[in-house]
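Take a look at the structure set out below.
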Amino acid sequence: MIETVLEVELPVGEKVKIVRNRIMPQLEINSPGRLSLVSGIHGDEIEGQYICYEVARRIEEHPECLVGIVDIYPALNPLGIDLASRNNPMTHMDMNRSFPGNAVGDHADRISSAIIDSIIGSDICIDIHASDIFVREIPQVRLSDTFAEQLLPLAKLTNADMIWMNATATVHESTLAHALNIMNVPTLVLEMGQGHQINRDYGHQIVDGIFNILCELGMWTGPRPRTHIPAISSDGSVEFVRSKMGGLFLPTTEHNHFVKAGEIIGELIDPISGKKLMDITVEKSGLLFTQRIYPVVYEGDLLARILTDAF
Amino acid sequence: MQEVEISRLVSPYRDDMVIKGYQFGHGEKAACIVGPVRGNEIQQMYICSQLVRALKELENNGCVSAGKQIMVIPYVNSHSINVERQFFGVKGVDINRSFPGNDYGEPVSRLSGKLLDEIKDYTYGIQFTSFYQRGEFVPHVRMMETGYQNTSLANLFGLPYVVVKHPLPIDTTTLNYNWQDDNTCAFTLFTNCNESIDETSARQAIAAVLRFLKRMGIIRYESHSGYISHVIYEQDMTEIYINHAGLFRSKVKCGDDVRYGMELAEIIDPGDGSVREVITAPTDGIVFFAHNSALATQYDIAYRLIHRLHE
Chain A
861 MIETVLEVEL
871 PVGEKVKIVR
881 NRIMPQLEIN
891 SPGRLSLVSG
901 IHGDEIEGQY
911 ICYEVARRIE
921 EHPECLVGIV
931 DIYPALNPLG
941 IDLASRNNPM
951 THMDMNRSFP
961 GNAVGDHADR
971 ISSAIIDSII
981 GSDICIDIHA
991 SDIFVREIPQ
1001 VRLSDTFAEQ
1011 LLPLAKLTNA
1021 DMIWMNATAT
1031 VHESTLAHAL
1041 NIMNVPTLVL
1051 EMGQGHQINR
1061 DYGHQIVDGI
1071 FNILCELGMW
1081 TGPRPRTHIP
1091 AISSDGSVEF
1101 VRSKMGGLFL
1111 PTTEHNHFVK
1121 AGEIIGELID
1131 PISGKKLMDI
1141 TVEKSGLLFT
1151 QRIYPVVYEG
1161 DLLARILTDA
1171 F
Chain B
172 MQEVEISRLV
182 SPYRDDMVIK
192 GYQFGHGEKA
202 ACIVGPVRGN
212 EIQQMYICSQ
222 LVRALKELEN
232 NGCVSAGKQI
242 MVIPYVNSHS
252 INVERQFFGV
262 KGVDINRSFP
272 GNDYGEPVSR
282 LSGKLLDEIK
292 DYTYGIQFTS
302 FYQRGEFVPH
312 VRMMETGYQN
322 TSLANLFGLP
332 YVVVKHPLPI
342 DTTTLNYNWQ
352 DDNTCAFTLF
362 TNCNESIDET
372 SARQAIAAVL
382 RFLKRMGIIR
392 YESHSGYISH
402 VIYEQDMTEI
412 YINHAGLFRS
422 KVKCGDDVRY
432 GMELAEIIDP
442 GDGSVREVIT
452 APTDGIVFFA
462 HNSALATQYD
472 IAYRLIHRLH
482 E
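Put into structure tokens, the structure is as follows:
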């Protein structure tokens, strides 16, 4: 059942609507479990659209197997998705810095507040993000230190390739995930792929993980997908490779490959002089899980991230 | 007057973005004034440029106090100003949400880190910036409630109002917050516009800064005493929301003294021209903030009133 969580009138004959698809079990169940799947909080991250589609499609294929409630919110920032804009086009602000919102505030506050109110009561929430248009990522769960202990068992079920225990910056306190975790809705943030694109393989991998979680929570009686346990890392085990100067970056290794200390992973070139500015090497061995895909770089731009304790 | 280079961002396809400071006097780092970190802060850049002009004249007349040094940085984000974009770089990052920065991260973090490093030792810091919500303000001094804020000093600008804001998590990444965190007594000055130049409020802002510098013993300058400022806490203001979207026709402006029940604005249906909503004053007060776009989205803030204050 498609429901409107909140709608806001735009100036000329249009409303912004936050919608959810509530999928109920066929049989009446006492105190059914509830999983909320949210996506599209950043309008340039489309990977979650396919995951929402595929989860709904698989349930539709075997509705008799669903013994809990699945709520799907594909587009928390519908105008952003329409315009391929990371930020909320109405405020030009990052919507994921506006939670928990305020039910009597301005439109951005009211939308955030209505989303929180709608998700509260879920047994778990999964917030699907993609990378931006600049770097490509393997499927990973990002956990803040604050909730790592509580969320790690659930994160291991997601079928992601990696769990990254991320130090908590103060601004993270304004994210949807932080707000929900504070309100006792265990919320996982998944990130994968790249902005403006859909990687079906990553999508299927994470959808398997979601059905794995549904099985674990006793909400799905269909076959449990085969999944793997993600590598677990902390900030200390991730090496950031940044550009030392401006230029054009050309990768020379594949994404999601193991690299050895000293290995060249790309080169920085100068298109006007025809000269190579420098080779980009890594200092430590490990899994290249983040790779620059947008070639134009300034000093400091991220070129790669290596998970160094993956060996 | 001495021109100093604060920071240089090397670009592969454009001229370098040079952050330049104009330094007056010698000795103790007494006061630093920072202009636009966003590309649409044209009024702020104009004010800073006129401050440079005024301080140059004062210095030539021997009116900068001995042992005191003043720095004015009239623009930070010139790359965005030149292409009329609000935010910085291809990622569209808000520099004023990127402090304190560092010397090892993303380009914007390095930029803000270098800037803060250069200005953090000044005793007084004055920033001209814009508000995240579009609209007009009564000129005022704004301070974050960090525990270090000093409203008595803010009074010395002689502007009509000093506003104290309790910081949200997202505010902890602004220049004002981090400047205070580094023990600089930081103030943010708002005038009534951004993209265009308003000569009257610009003159008021320039006079306020010169008045402050004089009162702190940094320059010798004869000026009008200005106002004895009224200190307001942001949460005490009355917010008036727009309940229906459409065309916004305001009947009052910033600074107006309004009475309970008075008609403040109409929302016009953009199709048939009928009045969809009449916005009235819920209390007596002074209009402190006014929506200034011709378009209104539902739940936009139409006005903020200083409750029960009269001219």
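These protein sequence lines map, in sequence, to chains A and B.
Per this note's numbering, residue 861 is the first one in the first sequence, and the count goes up by one each step.
Per this note's numbering, residue 172 is the first one in the second sequence, and the count goes up by one each step.
Every residue gets a Cβ at the ideal spot worked out from N, C-alpha and C, and that includes glycine.
If you look at E874(A), you'll find it in the beta strand (DSSP E) that goes E874 to I883. Per DSSP, the unbroken alpha helix (DSSP H) holding A225(B) starts and ends at I213 to N231. For G1107(A), the C-beta contacts it makes with chain B under 8 angstroms involve P183, in order along the chain. Bounds of any beta strand (DSSP E) do not take in I1066(A); it lies within the alpha helix (DSSP H) bounded by R1060 to E1076. Per the Cβ contact rule, the stretch 913-927 of chain A is not in contact with the stretch 951-960 of chain A (fewer than 3 Cβ pairs under 8 angstroms). Pairing N267(B) with V208(B) gives a Cβ-Cβ distance under 7 angstroms.
Distance from the CA of R970(A) to the CA of Y470(B), rounded to the nearest whole angstrom, comes to 8 angstroms.
Nearest to R1165(A) by alpha-carbon distance, out of M953(A), G1146(A), V1156(A) and H967(A), is G1146(A).
For E448(B), the enclosing beta strand (DSSP E) starts and ends at V446 to T451.
Nothing from the stretch 914-933 of chain A brings a Cβ to less than 7 angstroms from some Cβ of chain B. A Cβ of chain B is located within less than 7 angstroms of the beta carbon of H967(A). Taking 7 angstroms as the cut-off, the Cβ atoms of L466(B) and P938(A) do not count as close. Interface annotation, Y470(B): in contact with chain A, CB-CB separation under 7 angstroms. Under the three-state reduction of DSSP, P923(A) is assigned to helix.
Beta-bridge pairing by DSSP links I862(A) to N881(A). Under the 7 angstroms criterion on CB atoms, E230(B) is classed as non-interfacial with respect to chain A. Annotation: the continuous beta strand (DSSP E) that includes Q194(B) extends over M188 to F195. The beta carbon of W1080(A) sits closer than 8 angstroms to those of C925, L926, V927, G928, F1071 and L1074, all from its chain and outside the five residues before and after it, given in chain order.
Pairing E1099(A) with L1017(A) gives a Cβ-Cβ distance that is not under 7 angstroms.
Nearest CB-CB separation between L870(A) and chain B: below the 7 angstroms threshold.
Taking H989(A) as the centre and dropping the five residues before and after it, the same chain places the C-beta of E905 and E1051 closer than 6 angstroms to its C-beta, in chain order. Beta-bridge partners assigned by DSSP to E1099(A): I1166(A). The CB of V1156(A) comes closer than 9 angstroms to the CB of P183, Y184 and V261 in chain B, given here in chain order. Interface annotation for the stretch 270-281 of chain B against chain A: Y275, G276, E277, P278, S280 and R281, criterion Cβ-Cβ distance under 8 angstroms. If you compare the alpha carbons of G284(B), P278(B), E277(B) and D407(B) with that of P271(B), the shortest gap goes to G284(B). Chain order gives the chain A residues near Q257(B) as H952, where near means a beta carbon separation below 8 angstroms. If you ignore the 5 residues before and after H1038(A), its C-beta comes within less than 6 angstroms of the C-beta of H1032, all in its own chain and listed in chain order. The beta carbons of H415(B) and E448(B) sit closer together than 7 angstroms.
Rounded to whole angstroms, the gap between the alpha carbons of S982(A) and N890(A) is 15 angstroms. E289(B) counts as buried, since at least 16 other C-beta atoms from the protein chains shown sit within 10 angstroms of its C-beta. The alpha-carbon separation between S991(A) and I477(B) amounts to approximately 43 angstroms.
For L381(B), the uninterrupted alpha helix (DSSP H) run begins and ends at E370 to R386, by DSSP. Beta-bridge partners assigned by DSSP to K239(B): E199(B). Scanning its chain for C-beta atoms nearer than 6 angstroms, with the 5 sequence neighbours on each side dropped, one finds around I986(A) the residues L897 and L1048, in chain order.
Contact with chain B is absent for R1060(A), since none of that chain's Cβ atoms lies less than 7 angstroms from the residue's Cβ. Using beta-carbon distances, G206(B) does not count as an interface residue toward chain A, since no partner is under 7 angstroms.
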